[in-house]
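Chemist: Let me begin by handing over the structure; questions about it come next.
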């Protein structure tokens, strides 16, 4: 069962002589529970692809279908609501809200829906991310690794269709990076959470079921590492 | 608690300094609006008390006198408040733009971003508006107290000239006024916050994340200023920065310019008021004036179609002389009596009768044969008439021409000689067409005319005539008694004997007779100017304070948000002293920019006002230099102090930490 379908996705920045094609007719599908790594050199179009899959940027042409819903046919507000309920995003620089506690940051997508998450679910995520002893702390009081774990917790709180992680270990030391990868792979393996990971680190990419290699805005390789 | 509401609360707590400044701006705005609305309510109550419920015949005009300045002041307050409050929320939004990006990425809608900022505004309004309204009532209360301090003296002065006048401004609490000021204040703050909120909600999630720090995502402005080794680098950098950050400083500079403009305008207004006061304050060398004026109506003569004046109760020269004699009976008091008839005659003058100056002044056409000019016949008491005849070298009973005409030549008072030496007789004509020829026995020039007869608003042809058989519309008795109060009481009794008022009000008996101090008009005007100056300066000061709060908030935010830039400059070898110099130059340039806009606009408004006033009064234009100097000094002082304080906070920061963060 496919949860994500990217069809002929093209993104061109600028105009005239300054035109840059960041993505050039990219197409692929991701199945439920799959762990896909997208690799490529700097400037290859990885981040553009991630922004489009996450619905935070709009394409020049092509479409992204999440759980059967073409997201770019939605209005801006509909897309925002869809994103908070169906897509979990983890950034390299955590992007937590500095004046919200750990709990509040994790619950944020639910709170934006004006609902409180199920207490058991919250407790499970807090437990899973290993920040249960820091639930009332502010992000500024946490280490980088802990902040990133909170960010993963926030992405998972709504059981999204897929989890998008953009260089989640890029800003961490090797130990913290390893822990984050363990957390993400555990979510993928134990909870059958679809995971799309953007990285330029080959070692990390090798943990994935499938590796898409992107270069000059095109997918040049699609390798299945394990079925 | 709603998460957006919680965001707003936390943001306000986190940025206490700016929250306090923004709340102060909202409170000041509410206080000023409340004071204006409450003054209208109190003024209305005074008018109802004085004129009756419908304000009498001129109800509409009185209401306009109350409402027009109120609307003008309210519009100024609202404009200033919108600029300042909007800027405060823009700064708050800028600071959190990357947070908004994160929120958008995790699924916050545009509306939710908008609501976050609006909740902040609502929270601040909930605290600031009640405080502001209270402060507004306190201001009104104090203001009314100050007015009433002067009102008592004003009533004493006015009562001596007009009967049954008792102005008193009382503090009025009107629920409608309270509602109006609260609604306007809330509306102003919400509208002001709405502008940056709408801007923030429109920025895409990606732009929020990329441009953390500015709702204006167009980035830094490219400037033509280049940094080279020709000048001191801190000065060049400062110039470049002011040019690059002009959009960010726009609101602070605008609010500053408005404050400067208002201050200059007010200074100019005070100069003009002083000029008018000096002009209308005539010193005849007498301290008490008694006068009689008959009511009159202007009609058109049915035979000739000419305008004529019909007096209800003209005073005869004999009666005037009798009163003069009685007033002289008061111990040690001489009386100068004069009466004027402005409307009975016009003079028919030939081409050779008028001097060239006069022809130009009254715009006589080339080749115009006959010119008709209004004649003013003046009678004096017998003693002073005799003395004037003697001075003119003629026998008692002759006619003397006061050969001086003064007029307002576009703001300059000019005296010219109206008639040529050839004029020895004058052909006078009444409204009914009948004519009389008057022999001129002597001519007095400007230097020879007694100062009592150099009052404003005279006719072009002025004749001192013998009083025998004359009646005039009005008569004045000027005195310089040793005991002013005693003489005034005595003179009132004398006049009451001849012209009983029977408790009737001004003009209701068909005439009016008054006894008042010669300087009373000047004192009334002086009180009016003091009151207006106190209120307008207080108003401009408070409005300026809103502008200054905006400058402090913007400058300190800009400096804090540029901390990384300063740290980078220091890391590449720029001493902290140079950074301070650079910021000082930037602040001087910003203050200069505000002055370059505010000073000329303020001066232009003063010039425009002076031009309008010149139509009525011969007052030369006086540049309000004191206000200009104070404004320039204050502008630089505010900017430099704010920069100095902000830079001091920067010094405590670690360069490496700042760059990393």
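Protein chains in written order, with the working numbering: chain A, 1 to 227; chain B, 1 to 661. Where is the CB? At the ideal position from N, CA and C, for every residue including glycine. Keep in mind the model is a prediction, meaning the values are calculated, not measured.
1) Check each candidate in 610(B), 582(B) and 612(B) and name the one with the smallest Cα separation from residue 241(B).
2) Who are the near neighbours of residue 47(A) in its chain, counting only those whose CB is closer than 8 Å to its CB and skipping five residues on each side?
3) Which term fits residue 425(B), buried or exposed, when burial requires 16 or more other beta carbons within 10 angstroms of its beta carbon?
4) Quick check on residue 96(B): does DSSP put it in helix, strand or coil?
5) Using a threshold of 8 Å, state whether the C-beta atoms of residue 64(A) and residue 79(A) are closer than that.
6) Compare the C-alpha of residue 133(A) against each of 109(A), 150(A), 2(A) and 117(A) and name the closest.
7) Is there at least one Cβ from chain A nearer than 8 Å to residue 20(B)'s Cβ?
8) For a contact meaning CB atoms closer than 7 Å, what does residue 14(B) contact in chain A?
9) Could you tell me if residue 629(B) is buried or exposed, where buried requires 16 or more neighbouring beta carbons within 10 angstroms of its beta carbon?
10) Answer yes or no: does any C-beta atom of chain A fall closer than 8 Å to that of residue 109(B)?
11) Where does residue 68(A) land, buried or exposed, given buried means 16+ other C-beta within 10 angstroms?
12) Could you please give me the residues that DSSP links to residue 105(A) through a beta bridge?
13) Just checking, does the segment 433-443 of chain B make contact with the segment 474-484 of chain B on the three C-beta pairs under 8 Å criterion?
14) On the DSSP bridge list, what partners appear for residue 477(B)?
15) Using a Cβ-Cβ distance under 8 Å, would residue 104(B) count as near chain A?
16) On a Cα-Cα basis, can you pick out the residue from 267(B), 466(B), 320(B) and 243(B) that is closest to residue 389(B)?
17) Along the chain, where does the alpha helix (DSSP H) that runs through residue 567(B) open and close?
18) Residue 84(B) and residue 255(B) look like a contact to me (Cβ under 8 Å); what is the Cβ gap, rounded to whole Å?
19) Would you call the segment 120-137 of chain B and the segment 190-204 of chain B touching, i.e. three or more CB-CB distances under 8 Å?
20) What does a CB cutoff of less than 8 Å around residue 428(B) pick up in its chain, not counting 5 residues either side in sequence?
21) Can you find a CB in chain B that lies within less than 8 Å of the CB of residue 141(A)?
22) Using the C-alpha atoms, what's the distance from residue 45(B) back to residue 64(B)?
23) Which term fits residue 221(A), buried or exposed, when burial requires 16 or more other beta carbons within 10 angstroms of its beta carbon?
24) Select from 598(B), 612(B), 651(B) and 530(B) the residue whose C-alpha is nearest the C-alpha of residue 143(B).
25) Indicate the three-state DSSP secondary structure (helix, strand or coil) for residue 165(A) in the structure shown.
26) Using 8 Å as the threshold, is the segment 570-585 of chain B in touch with the segment 640-656 of chain B, meaning 3 or more CB pairs across them?
27) For the candidate residues 207(B), 110(B) and 258(B), whose alpha-carbon lies nearest to that of residue 546(B)?
28) Buried or exposed: where does residue 29(A) fall if 16 or more other Cβ atoms within 10 Å of its Cβ makes it buried?
29) Which first and last residues belong to the beta strand (DSSP E) in which residue 11(A) is found?
30) If you compare alpha carbons, which of 498(B), 516(B) and 260(B) is closest to residue 509(B)?
31) From what residue to what residue does the alpha helix (DSSP H) around residue 239(A) run?
32) Does DSSP classify residue 278(B) as helix, strand or coil?
33) With DSSP as the reference, identify every bridge partner of residue 513(B), one or two as the case may be.
34) Here's a check: name, in chain order, each residue in its chain whose Cβ is nearer than 6 Å to the Cβ of residue 212(B), leaving out the five neighbours to either side.
35) Taking C-alpha atoms, which residue in 32(A), 89(A), 44(A) and 182(A) lies nearest to residue 24(A)?
36) Which whole runs of the alpha helix (DSSP H) in the segment 367-445 of chain B are 4 residues long or more, in chain order?
Modeler: Straight from the coordinates:
1) 582(B)
2) 166 and 198
3) exposed
4) coil
5) no
6) 150(A)
7) no
8) 99
9) exposed
10) yes
11) exposed
12) In the DSSP output, where bridge partners are listed per residue, residue 105(A) has none listed.
13) no
14) 290(B) and 337(B)
15) yes
16) 466(B)
17) 563-571
18) 6 Å
19) yes
20) 345, 346, 347, 348, 375, 435, 436, 437 and 438
21) no
22) 15 Å
23) exposed
24) 530(B)
25) strand
26) yes
27) 258(B)
28) exposed
29) 2-13
30) 498(B)
31) Shown here, chain A extends from 1 to 227; a query on residue 239(A) therefore has no answer.
32) helix
33) 292(B)
34) Note that residue 212(B) scores 49 on pLDDT, short of 50, meaning its location in the model is unreliable; the coordinates nonetheless yield the value given after this. If we look at residue 212(B) and ignore the five residues flanking it on each side, its Cβ neighbours are 97 and 98.
35) 44(A)
36) 382-392
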